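One structure is given below, encoded as structure tokens.
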Ligand SMILES: [Zn+2]
Ligand SMILES: [Zn+2]
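In this note's numbering, the protein residues as written are 16 to 501.
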């Protein structure tokens, strides 16, 4: 049995919004539809973020719409584009506002909406749930997340719960407050900085690249940088609460935060770094409480270069800490390898090919020098083994396999200047191809090298100090120049 009427989801609309429209089109209450789809507890959670496993398949059966189309209406796709991995704990997902709890308590998490869009019959938009979305571009209004009359949080996905016991289908009036039934009103708002950040973030959330000054950033890179700068612009009310998160903050608090972050980010990386420098921040303030994988490595490096007070004593932000093959990669590599060595090894025991290769690539990725290397496999062993593998052409084929299976940080590790240098030393001919990749990747570092130096020069003139240009800048330039010279 299928539902007699099945409207098509509006582009950019939310899954919960579509579910409600689907129910009403079929003269069902949303709670009845949920039972009909075998999801009796659907409305008790946040159906857009926590999409139950078989809900989409059930909906596919009932409406004939492919699961893929239905999935684009949930928040899942956006979360995937902003997070490197789907977070294990889904209660607080970075960048996605929390809704749905304590609906009847004034001042609690509301769903941000543009009342005029809703009054015109447009769907609830997925982007409205991003913490960086604070205004409706079309109507030039600030979004609202609570009723101006009674102060209750807006929660369209629970609006019908109260009316669910009545026999009649609910009037779907998303532009009215669910509690006092008065019209929602939003103030007009013109804020170029907030608008820029909001637009850039929704592009990133949709998986597109974002232009930031001269740089083109992937959605993960942009999200990482935005996260780190958003934290700087916490509203004063949040300073006393170390566990404060923008995901649970009302829109009035997020407004100022988004606007000042947009201002900080205007002018691209160079502008951003010089503003950070004017604010007299340290790298620790900016990077300390963020997981290392969130922030792009090159951005962290630039921040270290520009904001570090004691450049010589600073501990450089390192590349990905370690490299391990995925099972898929290793399965493809195993047939290429010669038999494991049967002699040598001494007290530490013989090292397997896998151990040697993983240690070799980890060391390249982190750029650790010989004397600082503390991995399981010693530097001479790695050097000896990679040279043997390179001579027989095995190393070349391993690189090709890895380039064909570029999961995780593989590409980043392979194209790092240190990897190219080490592979050249070992005599691996794929190093030249990787050098080409490095040039593509280091375009970004070149830009950073220049901007960092410019800012440092400007700082010297302003403060009259005789700080020398830091070695890291020179080093970085050498790294950038190295592949180009060959
Ligand atoms: Zn609107
Ligand atoms: Zn109200």
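By construction, the Cβ of each residue, glycine as well, lies at the ideal position given by its N, Cα and C atoms.
Just so you know, these numbers come straight off a predicted model, no measurement behind them.
Give the DSSP-derived three-state secondary structure of residue i in the structure shown.
i, result
"residue 128", "strand"
"residue 25", "coil"
"residue 249", "coil"
"residue 403", "helix"
"residue 113", "coil"
"residue 161", "strand"
"residue 428", "helix"
"residue 287", "helix"
"residue 304", "coil"
"residue 310", "coil"
"residue 366", "coil"
"residue 231", "strand"
"residue 151", "strand"
"residue 78", "helix"
"residue 140", "strand"
What do you reckon, is the C-beta of residue i under 8 angstroms from a heavy atom of ligand 2?
i, result
"residue 192", "yes"
"residue 309", "no"
"residue 226", "no"
"residue 162", "yes"
Say yes only if the C-beta of residue i is nearer than 8 angstroms to one or more non-hydrogen atoms of ligand 1, and no if none qualify.
i, result
"residue 29", "no"
"residue 167", "no"
"residue 5", "A query on residue 5 cannot be resolved here, the shown segment of the chain reaching from 16 to 501 and no further."
"residue 153", "yes"
"residue 426", "no"
"residue 144", "no"
"residue 270", "no"
"residue 156", "yes"
"residue 131", "yes"
When you compare only the Cα positions, how much space is there between residue i and residue j?
i, j, result
"residue 199", "residue 271", "22 angstroms"
"residue 530", "residue 237", "Past the edges of the chain, shown from 16 to 501, lies residue 530, and the structure says nothing about it."
"residue 40", "residue 87", "21 angstroms"
"residue 61", "residue 136", "22 angstroms"
"residue 280", "residue 233", "16 angstroms"
"residue 217", "residue 94", "11 angstroms"
"residue 313", "residue 288", "13 angstroms"
"residue 403", "residue 315", "36 angstroms"
"residue 82", "residue 50", "19 angstroms"
"residue 450", "residue 422", "20 angstroms"
"residue 407", "residue 400", "11 angstroms"
"residue 389", "residue 379", "13 angstroms"
"residue 133", "residue 262", "23 angstroms"
"residue 259", "residue 301", "16 angstroms"
"residue 148", "residue 439", "48 angstroms"
With a threshold of 8 angstroms (Cβ to nearest heavy atom), would residue i be considered close to ligand 4?
i, result
"residue 197", "By its list of ligands, the structure shown excludes ligand 4, since it contains just ligand 1 and ligand 2."
Throw me the rounded Cβ distance for the residue i and residue j pair, which I believe falls under 8 angstroms.
i, j, result
"residue 165", "residue 192", "6 angstroms"
"residue 419", "residue 443", "Between residue 443 and residue 419 the Cβ distance is about 17 angstroms, and since that is not below 8 angstroms, they are no contact."
"residue 96", "residue 220", "5 angstroms"
"residue 309", "residue 201", "Contact doesn't hold; Cβ gap of about 32 angstroms is too wide."
"residue 57", "residue 111", "Residue 57 to residue 111, Cβ: 18 angstroms. No contact."
"residue 293", "residue 321", "Contact doesn't hold; Cβ gap of about 11 angstroms is too wide."
"residue 131", "residue 107", "The Cβ separation is near 30 angstroms, so there is no contact."
"residue 242", "residue 109", "6 angstroms"
"residue 235", "residue 99", "6 angstroms"
"residue 36", "residue 19", "Between residue 19 and residue 36 the Cβ distance is about 14 angstroms, and since that is not below 8 angstroms, they are no contact."
"residue 298", "residue 318", "5 angstroms"
Does the region 20-32 come close enough to the region 132-147 that 3 or more CB-CB pairs lie under 8 angstroms?
yes
Could you tell me whether the region 56-72 touches the region 198-211, where touching means 3 or more Cβ pairs closer than 8 angstroms?
no
Would you check if the region 387-395 and the region 422-442 touch, i.e. whether three or more CB-CB distances between them fall below 8 angstroms?
no
Is there contact between the region 217-230 and the region 271-288, where contact requires at least three CB pairs shorter than 8 angstroms?
yes
Meets three-Cβ-pair contact criterion under 8 angstroms: the region 152-164 and the region 257-275
yes
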